[in-house]
Structures are given as C-alpha cells and as structure tokens.
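Worksheet: one structure, shown below.
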Amino acid sequence: MQSLEDYGINKIVVAMDTSDYSEMVVARAFTIAIAFSARVHVISVVGLPKLIASEADIGIQDIRISEKEFQEHQKRLIDKYLNGRDLHIESHVLHGDPSNKIISYANEIGADLIVMGSKAYGKIQRLLLGGVSEDVVRNAKCSVMIAR
Amino acid sequence: MAVDLYSTALIAAVVVVTGILSIRLRISSSILEAGAGIMLASFLGVRIEAWLDFLATFGGLMLTFLAGAEVDLYLLRNSAKKSFTIGGMAFVVPLIGEIVFLSAFTDWSFLATLAASLALTTTSVAVVYSVLLEYELLDHKASKLIIAATFVNDILTLIGINLISPSFNLYTIAFLVIIAFMILVLPRMLEYLVDSYGKRAVELELRFIFACMLGVSFIADAGRLHAVFGAFVLGLVFANCIHSYSDILSKTRSVTFSLLSPAFFVRAGMLISLPAIAQNIGLVIGLLGAKMLSKFIGTYYFNKKWISEAPIFSTMLLSTGLTVGTITATLGRDLGFLDQTQFSIAVTAVILSAVVPTLIAKRFVPNRTL
Numbered sequence: 083m084q085s086l087e088d089y090g091i092n093k094i095v096v097a098m099d100t101s102d103y104s105e106m107v108v109a110r111a112f113t114i115a116i117a118f119s120a121r122v123h124v125i126s127v128v129g130l131p132k133l134i135a136s137e138a139d140i141g142i143q144d145i146r147i148s149e150k151e152f153q154e155h156q157k158r159l160i161d162k163y164l165n166g167r168d169l170h171i172e173s174h175v176l177h178g179d180p181s182n183k184i185i186s187y188a189n190e191i192g193a194d195l196i197v198m199g200s201k202a203y204g205k206i207q208r209l210l211l212g213g214v215s216e217d218v219v220r221n222a223k224c225s226v227m228i229a230r
Numbered sequence: 088m089a090v091d092l093y094s095t096a097l098i099a100a101v102v103v104v105t106g107i108l109s110i111r112l113r114i115s116s117s118i119l120e121a122g123a124g125i126m127l128a129s130f131l132g133v134r135i136e137a138w139l140d141f142l143a144t145f146g147g148l149m150l151t152f153l154a155g156a157e158v159d160l161y162l163l164r165n166s167a168k169k170s171f172t173i174g175g176m177a178f179v180v181p182l183i184g185e186i187v188f189l190s191a192f193t194d195w196s197f198l199a200t201l202a203a204s205l206a207l208t209t210t211s212v213a214v215v216y217s218v219l220l221e222y223e224l225l226d227h228k229a230s231k232l233i234i235a236a237t238f239v240n241d242i243l244t245l246i247g248i249n250l251i252s253p254s255f256n257l258y259t260i261a262f263l264v265i266i267a268f269m270i271l272v273l274p275r276m277l278e279y280l281v282d283s284y285g286k287r288a289v290e291l292e293l294r295f296i297f298a299c300m301l302g303v304s305f306i307a308d309a310g311r312l313h314a315v316f317g318a319f320v321l322g323l324v325f326a327n328c329i330h331s332y333s334d335i336l337s338k339t340r341s342v343t344f345s346l347l348s349p350a351f352f353v354r355a356g357m358l359i360s361l362p363a364i365a366q367n368i369g370l371v372i373g374l375l376g377a378k379m380l381s382k383f384i385g386t387y388y389f390n391k392k393w394i395s396e397a398p399i400f401s402t403m404l405l406s407t408g409l410t411v412g413t414i415t416a417t418l419g420r421d422l423g424f425l426d427q428t429q430f431s432i433a434v435t436a437v438i439l440s441a442v443v444p445t446l447i448a449k450r451f452v453p454n455r456t457l
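Quick note, the sequences are listed as chains E and A, same order.
Under this note's numbering, the first residue of the first sequence carries the number 83, and numbering increases by one thereafter.
Under this note's numbering, the first residue of the second sequence carries the number 88, and numbering increases by one thereafter.
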C-alpha cells in the first residue's frame, strides 16, 4: 500500500518564458520546493517550427538573442526568489516545440510536478496561436500546476 | 502598364495567411507560400505580373546573398579537410546520380538535365541547423562538421550553376577583379559608412548592401557567371565583416523574409503546373529517391568514419534542401533550359527533399554524445 511519502514532490520542472507572469511561476515553484525540499529544474524553450525548410523559418541570430534573454531572465528570477535559501537548482534553455520539450524534459528527469504560467488568450488568439499550457496539462505524465 | 490591384491584394493577403498558418501549424512558411502560389495560379486565375517577377528575382538574389553571408568561414577553416570531403561528395555524387537517372528515364536535353540535377545537389543549412538545435546537439564537434559540410555543398552548387551555359568575356574578368577589390576594401567601407551615416532613418547601410548586391549581380550576369552566383560571392565577402554589425544583418533579414522571400516562393509555386505533377508523379519520386540514394552513396562512408555516432542521421541531414535548390531550378527555367513541366517536376522534388529526409533523420537522432 502506498503511503503519503510516495506522493512527495522531489523534482519540480519550472517552465518559464520572459513574460510578467514568470515571476509568479518561479515564486510559486520555489515555495513548493522549499516545503518539500525538492530539486528545481528551471527551463525555458526557444520555440522552433516542427518543420523547417528555409532560412525564413529560422533566424540563427534571433535564436541566440532569445537564448541570452532567457538565460538572463532565469538568473534574475532565481537570484531574486532564492534569496540565500538552500535549494538545488538547475537551469536550461531548450529549443523546439515548447509543450513537447517541457513534457519530454519532465519525463527525462522523472519530475513529480511541472509549474508553469498561462497566457490569457482570447478565443481568436487561442484558435490562432494554440496554448502551450493546455497541451502540457493534457499530455504530461506528472502533475501540472498553472500559476496565476 | 497599370498594376492589377486584385492580384496584388490577393497575393499580399495570402502571404499574411501563410505566415499565420506557418506559426499555427508550426511548419515552414516557404513551403506554404509555394503551396499558396500553386493555388493562386491554378484555381484563382492569378497571373505573374512584372512587379512579382521583380520582387521574386530580387528575393532570389537576397536569399542567395544571405546564404553566402551566413557561411561561417572560421568553421570552414577549422574542419577544412573533413568538411570539404563530405561537402564535396554531397555535391558531386548526387550531381552524377541525378544526371544518370534523368538520362535513363527521360528524354530531357542535357542542359535541362544539368539544371534539374544541380537543383537536387543542395543541402539546406536551415534544416541542418534547426534539427541539430531541436535535439540540443548544436554545440557538439560533429555537428559543426555537418554544418561546415553543408556550407561546402552550397558553395559547390552555386559554383556549379556556372556549368550551365559556361562562357566568359571581359565582364567575367571585371567581376573577378571587383570581387578581389571588395574583399580588400568592403569591411573598411562598411565601417566608414556605419560610423559616418549609420543608424539613421534613411538606413544607408541597407541601401549600400542592396546597391552592392545588385551591382555585383549585374556584372556577374554580364560576365556569364549568373547573377545568383554574384550575389552569393558578395555574401561570402560580407560574411567576414557583416557579423560585426548584427543589426544590419537583422534588418536585411527583415526586408528579405517579410517581402522578398514570400514573393520568391509564391512565384515559384505559381510556376508549378499541377497537371504536370500529377502526370509525372513517378518521376518526382524518382528524382527525390535518386537524390537521397546518391547522397547516401556519396557521404555515408565518410560520415561513418568521422561522425561514427550518427552516420545515418548525418547522411539524411545532408539530403535536405529547399532554398538554393529552388533558386537553381528557377534559374534553369528563366534561362529557358527547363520548360514548365520540367521545372514543376524538379521544384516539387526539391520541396519534398526539404521534408522527407528531415522526417527520416529525426528517426535516427543520436544520444547527446555526438
């Protein structure tokens, strides 16, 4: 029979971008991580089309700029909310389809929880742009928390 | 002659829609633009007008220029022997393979065969780069070798374009002299322009690049070296200095990919005849198969030797291609060597080569130990 300890949270994936709500995402995730003494993996994904065929689909320079922005934003928020606390944190910038990457990274490390935000799209925007958080909630093997 | 605003507005709207669809469906905007071009011409009766011809020609030149400007010469120097061997084989063997295939199964003229074969020798830098990036393999040494080989392949294809109707005159010499002169003075000229007149609303840096590119393309064309070859060589010359001015490259890309590149791919699509594809689907598949098989024959041995962790993955990546292949086929058509049916067959095979080898390569992704 499983005990409560079996449902503990040991590894948390924090999926963040550079939007305003990423602060909320990191803060919520760290609060949980401190409570459970969990390891935290902060990841950001530079989005790439699934099928790239020409230079119009991928800007090498733009990708490098995005990587740098993500790294700086990750560092700033980690420093701000870690604030001297003893937490094991790793941070990575990945590339590809955001929802697939978040899910596959979580599977790869055996995460217990994914914490991420959700953009407040209108109906038309949601139809045109889709929702990463919706995909992750639907397809992740572990628990997912949407910070708002 | 007055511009037909119906077709202009329709094409402009279609370019926006394909842009949205490419984001929504996460697939290549260039392929969607070519597809939209097929629909516009086949079902909505839109014709290619002079303005689209101009923008598409300009687009082809800019895409070739950017292909040259993005060549990493440092990377090439660092792996010269291996990258020239793999890149050389990735060009020569498919060229021979396609010529043999077309000679055996069609009655095309030699120049049509050569133009179509050259279009299918290419490797897509964009596809190679993005697949390596997607699987977080980009920083590995072997990945740099694959990218360098891709550069070599593209350089050889664009040199190979001059095999089509080779001929030389005084302009050819003028072109070579100007290029040698530019290698020496261009970095300093660009530095002077940016320092003296740069970062203003008139965007002098862009005007300078466009003027250089069109001027060099004209002289290359007059020298029977073909305008795209001139644009590519100028891009290579710029490659040494343009990376120091990332905002110039960024602006050049913005103009190219918002206006010129869509015009190029929409026009290429409009030139494709659907009935010709339907009647020759076996030949299209055969051309694609010949490309993949000959890339395999040409590069697998060396990939196994130098990229032993992922020989099939590397071979498949070297079988991809779109932009330079489409440019080459378009050149063959514009020169009158490929008729509409032959162009349709060649470009469709090129478009498929951007998709099929990529999907196969993704089945052979190595662990992150490349």
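Every residue, glycine too, gets a C-beta built ideally from N, C-alpha and C.
Check, Outcome
"Neighbouring residues, chain A, relative to E/D161 (Cβ below 8 angstroms)", "Residues of chain A passing the Cβ test: none, with the nearest at roughly 25 angstroms."
"Contact between the region 255-269 of chain A and the region 303-315 of chain A (3+ Cβ pairs under 8 angstroms)", "yes"
"Closer than 8 angstroms to chain A by CB, E/E216", "no"
"Among A/A143, A/I266, A/T200, the one whose alpha carbon lies nearest that of A/V324", "A/I266"
"Within 8 angstroms, strictly: CB atoms of A/I233 and A/V215", "yes"
"Exposure label - A/L153; buried when at least 16 CB within 10 Å", "buried"
"Neighbour flag for E/L211 against chain A, beta carbons, 8 angstroms", "Confidence in E/L211 is poor, its pLDDT being 48 and thus under 50, which makes the residue's placement too unreliable to answer from."
"CB contact flag (A/S204, A/L182, <8 angstroms)", "yes"
"Test: E/E136 CB closer than 8 angstroms to a CB of chain A", "Correcting the residue identity first, residue 136 of chain E is Ser in this sequence and not Glu. Closer than 8 angstroms to some Cβ of chain A, the Cβ of E/S136 qualifies, so yes."
"Buried/exposed call for A/S401, threshold 16 Cβ in 10 Å", "buried"
"With 16 other Cβ atoms within 10 Å as the buried cut-off, status of A/R450", "exposed"
"Within-8 angstroms CB hit, E/H177 to chain A", "yes"
"Validate contact between the region 143-163 of chain E and the region 183-200 of chain E using beta carbons, cut 8 angstroms, 3 pairs", "no"
"Inter-stretch contact at 8 angstroms, needing at least 3 Cβ pairs: the region 285-299 of chain A / the region 217-231 of chain A", "no"
"Spatial distance of E/E137 from E/V128 (CA atoms)", "16 angstroms"
"Identified DSSP bridge partners for E/M227", "E/V197"
"Neighbourhood of A/F352 by C-beta, 6 angstroms cutoff - its chain only, sequence neighbours within 5 removed", "S117, E120, A121"
"Neighbour-count burial assignment, E/S104, 16 or more Cβ in a 10 Å radius", "buried"
"C-beta atoms of E/D194 and E/K132 nearer than 8 angstroms", "no"
"Identity of the residue in A/S109, A/G106, A/E136 nearest A/V90 by Cα", "A/E136"
"CA nearest to the CA of E/N189, picked from E/I94, E/S85, E/Y89", "E/I94"
"8 angstroms Cβ shell around E/E149 - same chain, five flanking residues per side excluded", "V128, V175"
"Candidates E/D99, E/D88, E/T113, E/V108: closest to E/S181 by CA position", "E/D99"
"Burial state of E/R220, where buried means 16 or more other Cβ atoms lie within 10 Å", "exposed"
"DSSP state of E/H155 mapped onto helix, strand, coil", "helix"
"Selection from A/G412, A/N454, A/T428 that minimises the alpha carbon distance to A/N240", "A/G412"
"Inter-residue spacing [alpha-carbon to alpha-carbon] between A/L457 and A/T410", "Its pLDDT being 49, under 50, A/L457 is placed unreliably in this model, and the coordinates cannot settle the point."
"Backbone secondary structure at A/S117 - three-state DSSP", "helix"
"Nonlocal neighbours in the same chain, by C-beta distance under 6 angstroms from E/L130, ignoring five residues either side", "H177, G178"
"Best match in A/F344, A/A123, A/F145 for proximity to A/F297 [C-alpha to C-alpha]", "A/F145"
"Limits of the alpha helix (DSSP H) - the one that A/E278 falls within", "257-284"
"Test item: CB-CB of A/A326 and A/S304 under 8 angstroms", "no"
"DSSP-derived helix/strand/coil call for E/E172", "strand"
"Chain A within 8 angstroms of E/D139, Cβ atoms only", "yes"
"Touch test, the region 165-184 of chain A against the region 341-352 of chain A, Cβ-Cβ under 8 angstroms, three pairs minimum", "no"
"Residue closest to A/T210, alpha-carbon to alpha-carbon, out of A/T407, A/A167, A/I110, A/D334", "A/T407"
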